[in-house]
Amino acid sequence: MIATPPAPTPSSSGPLLDVRDIGIAFGGLKAVQHFSLSLPKGGLFGLIGPNGAGKTTVFNLLTGVYEAQSGSIMLDGVPLMGLAPDAIACRGLSRTFQNIRLFGQLSVLDNIRLACHCRGKHSLVGTALRSPRFIGQERAMRERAESLLSIFGLQDRMHEPARSLPYGDQRRIEILRAMATEPKVLLLDEPAAGMNPHETKSLAESIRRIRSEFGLTILLIEHDMGLVMDICERITVLDHGCIISEGVPSHVQNDPKVVEAYLGVPTPPAADTPAEKH
Amino acid sequence: MQQLSSRIPSLKPAAGPALGLGVLPYVLCVGFAFLMHFAVGPIVGDFAMSVLLQAGIAIVLAVSLNIINGFTGQFSIGHAGFMAVGGYVAGSISYYTSMILWNSPAPHGGFLGSGQWLMALGCVVGGAAAAGCGYLVGLPSLRLRGDYLAIVTLGFGEIIRVLLQRTQPLLFTREEIVNATASQLFPPPFGGAQGFERIPNSANLFWVFLATAITVVFAVRLKHSSSGRAFLSIREDEIAARAMGVNITKYKVRAFVLAAFFAGIAGGLYAHVVPILRPIDAGFQKSFEVIIMVVLGGMGSVSGVILAAIILTILPELLRDFAQYRLIIYALLLIVMMIVRPQGLFGVREIWDYFPFAKKRSRAA
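So, in structure tokens, the structure goes:
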């Protein structure tokens, strides 16, 4: 793999996002078990695995949609376990969704301004009287929305309802919306889903760019191996809710367990190759 | 990225002019109310006057319900319950204070006289009482959605109606109220099933349209604000709203409290216009009328809801001959709307968004 950007030096205080041994079971189904991840500041890590491996469940655990039944999640030294999704977002962990969840009827501008929510104050008196602070805050939100939209050159479309935009743009707006929350860590759930190779390539550029420009730390789920191997510094592979491999892209690519998870066990002759399985 | 809060000080407008502009619409509301009273009041007859008063109250009710059903996307069908709470509280304050102070339930003082200020005070207290009920009803809305929430709000309205029927049927005289012990005031003497009659008839075009204008200004400002966007985001997608940092618990309750407050004020005015309150006013039928206004006008559209409130107040008056078919027509209207235009006449947009210069305005907002 060429031109993987050098990993920024991790801060002395340890990883920015430190996930230890989290798990959740839905009844008898152990969706995720013993998931650990340590994401250094400025890192760009990937999370891959076959369909149903539990990748999105990991995101849902991290963002509080589900509450982890075991383990611990620390963001910049602050525990996130047991917090509501909105509280987690306000502490700096923001996400996009696998199936786009924009506020369809609201304008693009409103979608992004809304995401500034927990960075502002929203008193009803200030709202009713249009206090100077209220106006200043509205202006700041608008300014942020415009500057974020300009990253992808979408500022001309900010007054259109979000659902009227093409699919690829909606994905970009989801990323921008997540960035508007002032996250420390950005979780991208299949950002390239449904994109053609050309769009995927420009998305890879954009992800690199927003990371370096905004100093973001990114964890992404992706099925597009080209994209993952290209931009991620380290990759965690999940299968059946368990981590089966972890490391730099070249290591993961050649890990027999990963190949097996994706392509299945090679057909016999298995007699003379003692299975290394449990 | 620069922190949002760090940008606010440099983007803040000068305090003086900004506050002036902030208060100006409310000053204009007062001006509008005076205009209604002195310019429109004398030239309309009794019948038109009563329709106007009904329309003003209907606007307050519909615009406030729109905060719950339109902005926040929660389906409440207990709005008349909030209205009745406000009405009975305001009516009883007005009636019994009048009895104690002036020994008569007749409106005391002239235009802007003490009787009318007493009514205004009663309406605000009634609104606060209704807001308290809104808080209580809003709490279950955190766990319930759709039909289930509708059932809870419906139940709330019915509970209020039944409780009001159980109040003491005879209103107290001056001596009785002055000498009443705490136990005699329970259940309170609010007229029982017969209804609370003899409430001072102190509301007029000025007060009704003052409340209407203020409600409308507030609702429009709320819609175009960060709080308003939080409401709208809950309607659009609760999961995404939470993921973007909106505390949906807080905002759902806030929607109920705000809407109930204005409904309570509308109830207070209603009590002083009619001026009789009946337990049935808290019932489903009244709630239904308000819902039709919101659905017809467009869930989330303030101007659309105002228009619908006006139409649906005037139309039944013009079609008095068909009064017995009114609910049938309403139901048919609702069904047709749901099939043909489920988002209402104007959807989430405002009437002026459909004009050619719409873009400019939304940019300026």
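In order, the protein sequence lines correspond to chains A and B. Numbering-wise (this note's numbering), the first sequence opens with residue 1 and increments by one. Numbering-wise (this note's numbering), the second sequence opens with residue 1001 and increments by one. Each residue gets a CB set at the ideal place from its N, CA and C atoms; glycine is no exception. These numbers come from a predicted model, not from an experiment.
Would DSSP call residue i helix, strand or coil?
i	result
B/Ser1303	helix
B/Arg1221	helix
A/Arg101	coil
A/Ala25	strand
B/Gln1116	helix
B/Gly1070	helix
A/Leu75	strand
B/Leu1061	helix
B/Ser1092	helix
A/His34	strand
A/Ile135	helix
A/Ser107	strand
B/Gly1347	coil
B/Ser1233	helix
A/Gly46	strand
B/Phe1196	strand
B/Arg1363	In this prediction, B/Arg1363 has a pLDDT of 40, which is less than 50 and means its spatial position is unreliable; what the coordinates show is noted afterwards. Here B/Arg1363 sits in helix by DSSP.
A/Ser94	strand
B/Asn1145	It is Arg, not Asn, that sits at residue 1145 of chain B in the sequence shown. DSSP places B/Arg1145 in coil when its eight states are reduced to three.
B/Arg972	Examination of residue 972 of chain B is not possible in this model, given that chain B is present from 1001 through 1365 alone.
A/Ser70	strand
B/Val1125	helix
B/Arg1242	helix
A/Leu17	strand
B/Leu1171	coil
B/Ala1106	coil
B/Leu1154	helix
A/Pro10	Bear in mind that the predicted position of A/Pro10 carries a pLDDT of just 43, short of 50, making it too unreliable to give a figure here.
B/Leu1210	helix
Using the beta-carbon of each residue, which ones in chain C are nearer than 7 angstroms to residue i?
i	result
A/Gln105	Among the protein chains in the structure shown, which are A and B, there is no chain C.
Cutting at 8 angstroms between CB atoms, please list the residues of its own chain near residue i, excluding the five before and the five after it.
i	result
A/Lys121	Arg133, Gln137
B/Ile1292	Ala1308, Leu1312, Tyr1330, Leu1333, Leu1334
B/Gly1283	Ala1080, Gly1157, Glu1158, Arg1161
B/Met1337	Val1295, Leu1296, Gly1344
B/Ser1233	Ala1240, Ala1241, Met1244, Val1246
B/Leu1149	Gln1074, Phe1075, Ser1076, Pro1140, Ser1141
Within its chain, find whatever has a CB closer than 6 angstroms to the CB of residue i; leave out the 5 residues flanking it on each side and keep chain order.
i	result
B/Asp1321	none
B/Tyr1096	Ile1177
B/Ile1214	Cys1029
A/Met141	Arg113, Cys116
B/Asn1045	One point to set straight first is that residue 1045 of chain B is Gly, not Asn, in the sequence displayed. Answer for B/Gly1045: no residue qualifies.
B/Ile1059	Thr1212, Ile1306, Ala1309
In chain order, what residues of the same chain lie with their CB nearer than 7 angstroms to the CB of residue i, ignoring the 5 residues before and after it?
i	result
B/Leu1210	Cys1029, Val1030, Ala1033
A/Ser70	Asp21, Ile22, Gly23
A/Arg144	Cys116, Ala180
In whole angstroms, what separates the C-alpha of residue i from that of residue j?
i	j	result
B/Ser1301	B/Asn1066	8 angstroms
B/Gly1138	B/Ile1077	13 angstroms
A/Ile173	A/Thr267	45 angstroms
A/Thr56	A/Glu190	9 angstroms
B/Leu1118	B/Val1274	17 angstroms
B/Ile1068	B/Arg1254	9 angstroms
B/Gly1228	A/Cys118	14 angstroms
A/Asp239	A/Arg113	37 angstroms
A/Gly52	A/Thr63	19 angstroms
A/Asp110	B/Gly1192	49 angstroms
B/Pro1342	B/Gly1298	8 angstroms
B/Thr1181	B/Ser1226	48 angstroms
B/Met1099	B/Pro1189	13 angstroms
B/Pro1140	A/Ile135	34 angstroms
B/Gly1134	B/Gly1070	16 angstroms
A/Val32	B/Tyr1354	50 angstroms
A/His278	B/Arg1242	The predicted position of A/His278 is uncertain, since its pLDDT is 49 and thus under 50; a value taken from the coordinates is nonetheless stated next. Roughly 41 angstroms separates the two Cα atoms.
Would you check whether the ligand ADP has a heavy atom nearer than 7 angstroms to the C-beta of residue i?
i	result
B/Ala1120	This structure does not include the ligand ADP; it has no bound ligands of any sort.
Checklist entry - Are at least three pairs of beta-carbons, each pair with one atom in the stretch 1074 to 1089 of chain B and one in the stretch 1247 to 1263 of chain B, less than 8 angstroms apart? => result Counting C-beta pairs closer than 8 angstroms gives three or more between the stretch 1074 to 1089 of chain B and the stretch 1247 to 1263 of chain B, which meets the contact rule.
Checklist entry - Which whole runs of the beta strand (DSSP E) in the stretch 151 to 197 of chain A are 3 residues long or more, in chain order? => result For the stretch 151 to 197 of chain A, whole beta strand (DSSP E) runs of length 3 or above, ordered along the chain, are 185 to 189.
Checklist entry - Between the stretch 31 to 44 of chain A and the stretch 78 to 91 of chain A, do three or more beta carbon pairs fall short of 8 angstroms? => result Touching, no, given that fewer than three Cβ pairs across the two stretches are closer than 8 angstroms.
Next on the checklist: Under 8 angstroms, with one C-beta from each stretch per pair, do the stretch 1148 to 1163 of chain B and the stretch 1226 to 1246 of chain B reach the 3-pair mark?
Outcome noted: Between the stretch 1148 to 1163 of chain B and the stretch 1226 to 1246 of chain B there are fewer than three C-beta pairs closer than 8 angstroms, too few to call the two in contact.
Next on the checklist: Restricting to runs no shorter than 3 residues, where is the beta strand (DSSP E) found entirely within the stretch 1253 to 1325 of chain B?
Outcome noted: Complete beta strand (DSSP E) runs here, min 3: none at all.
Next on the checklist: Contact between the stretch 242 to 253 of chain A and the stretch 93 to 111 of chain A is defined here as three or more beta-carbon pairs at a separation below 8 angstroms; is this criterion met?
Outcome noted: Short answer: they don't touch.
Item to check | the stretch 204 to 214 of chain A in contact with the stretch 223 to 235 of chain A per 3-pair CB rule at 8 angstroms | outcome: Counting Cβ pairs under 8 angstroms, three or more are found: they touch.
Checklist entry - Touch check for the stretch 1091 to 1110 of chain B and the stretch 1193 to 1205 of chain B: three-plus C-beta pairs under 8 angstroms? => result Cβ pair count under 8 angstroms is three or more, so yes.
Item to check | Contained alpha helix (DSSP H) runs [length at least 4] in the stretch 1014 to 1064 of chain B, N- to C-terminal order | outcome: Within the stretch 1014 to 1064 of chain B, the runs of alpha helix (DSSP H) that reach at least 4 residues and sit entirely inside it are, in chain order, 1015 to 1035.
Checklist entry - Along the chain, which unbroken stretches of the beta strand (DSSP E) at least 3 residues long are found entirely within the stretch 185 to 268 of chain A? => result Along the length of the stretch 185 to 268 of chain A, whole beta strand (DSSP E) runs at least 3 residues long occupy 185 to 189, 217 to 221, 234 to 239, 242 to 247, reported in chain order.
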